[in-house]
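Reviewing the structure listed below.
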Amino acid sequence: MDLPKSNKSNKIGRKGVTLLTSIIEDQLDWQLRINHQEDDFGIDAYIDIITEDGHLTGKSIAVQIKSGRSYFKQTNEYGWNYSGELKHLNYYLNHQIPVILVIVDTDSKKAYWELCDAQQTDRSSKGWSIVIPFHQELGEKSKVELTKYIGPTIDYVSQLENQWKTNEFLKKIGHILLVVGKEEIENSDYEPLISALKYFTRKKDLMYKYRSKIEIAIHGYDNDDRQLYEIDKPKEWIVNILEHVKGLTFFLANHVNAQFLRLFLYSQIEFEIKGNPKNENGIEKIKVEFESKESVKVLYKLFDDLNEFCDYFKIPTPINKEVSDNITNCYTGGEFLKNKDNQ
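Take 1 as the starting number for the sequence shown in UniProt numbering and just add one per residue.
Take a look at the structure:
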């Protein structure tokens, strides 16, 4: 009679998986998650690492399982020769998590393992091979060795609490003043500013919120009668800032009275300061005269930095234009946008 026949190798394979599941769950107190056969590209299962108090860690180890006595025939003096196809070796070594190779003896009900490590492999006639040591039986004693390959479990939530609190605080305030001390200036240190901008660019909502909202103040030269742009070290630090703090232009305050943006300009051009009569509030207005071609060079520096930043973070062109227009308006004492509105 013509009837379907049971496949013996499939039966042995199922027995091997059942045995391995028992070892993983009963002896290691971990969990074996079987990969569906249609999704099996060389990985048969995943071992999910569980803490002593029963919590899943998110850490896993990939497993290739071979069952039956046929995998125990080829030996050398210290282990069994495991062989495979080159395509699977490439797949294992490119895996983002550790891969172990397991051979299961369904008769003795024991399993042995080895980490798939490129340094331990050899070329074989049909592909590649690796030795699975006689002494490396999979069981309770394997737990310490296996955990070496996955790294510690980190409580990220506890670490994030401070970051979340900082984010909430930053969302509530309107502008930020970053103070740079004399020590940073004298040592050409831009790291505090770099760190601040890295923080703002982690989250898009913060990045957009603080565009054109950050002012920089330089502290430590109060006893010097000269202006900061007249003192060598501060001037040098200011002129070189965009080379070190990429994307700063996007964040710099650029309203008409913006201080650092003006300081950046004054540190790089020749100009003349003239006092005007007091306005209606009794405050003396200062008029700064300079060649427009000098300011254009400075604008190019700022716009190049802004364009690179906007390209990298895929910031829409209208926002780029808004920042650019505000910078130009700042440098023209508010005349740029007035003229633009009148056109």
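Ideal Cβ positions, reconstructed from N, Cα and C, are used throughout, including at glycine.
- In this structure, the beta-carbon distance from VAL179 to ALA217 falls below 7 angstroms.
- Of LEU160, ASN187, MET207, ASP189, the smallest CA-CA separation from LEU170 is found for MET207.
- Pairwise C-beta distances place the stretch 195-211 in contact with the stretch 244-258, as three or more of them are shorter than 8 angstroms.
- Counting only runs of at least 4 residues, the stretch 158-204 fully encloses the following alpha helix (DSSP H) elements, listed from N- to C-terminal order: 182-186, 191-202.
- The C-beta of TYR78 has fewer than 16 other C-beta atoms within 10 Å across all chains shown, which makes the residue exposed.
- Excluding residues up to 5 positions away in sequence, GLN64, HIS88, TYR91, TYR92 lie with their Cβ nearer than 7 angstroms to the Cβ of GLY42 in the same chain.
- Under the three-state reduction of DSSP output, ILE100 falls in the strand class.
- Looking only at LEU193, LEU115, GLU145, LYS233, the smallest Cα-Cα distance to ILE132 is reached by LEU115.
- Here VAL245 carries a coil assignment [DSSP, helix/strand/coil].
- Between the stretch 102-112 and the stretch 13-24 there are three or more C-beta pairs closer than 8 angstroms, enough to call the two in contact.
- Counting only the Cα atoms, SER129 lies some 52 angstroms from ASP205.
- In the structure shown, the three-state DSSP call for ASP48 is strand.
- Sequence-distant Cβ neighbours of ARG33 in its own chain, meaning closer than 7 angstroms and more than five residues away, are ALA45, TYR46, ASP48.
- Counting only runs of 3 or more residues that sit fully inside the UniProt domain "DUF4365" (14-149), the beta strand (DSSP E) segments are 31-34, 45-50, 56-67, 79-84, 99-105, 110-115, 128-133, in chain order.
- In this structure, ILE150 sits near LYS59, with a CB-CB distance shorter than 7 angstroms.
- For HIS36 and GLY13, the gap between their C-alpha atoms comes out near 13 angstroms.
- GLY139 and GLN27 do touch by the CB rule: their CB atoms are close to 5 angstroms apart, below 8 angstroms.
- Of all C-beta pairs linking the stretch 149-168 to the stretch 182-197, fewer than three are shorter than 8 angstroms, placing the two stretches out of contact.
- In this structure, ILE100 sits near TRP113, with a CB-CB distance shorter than 7 angstroms.
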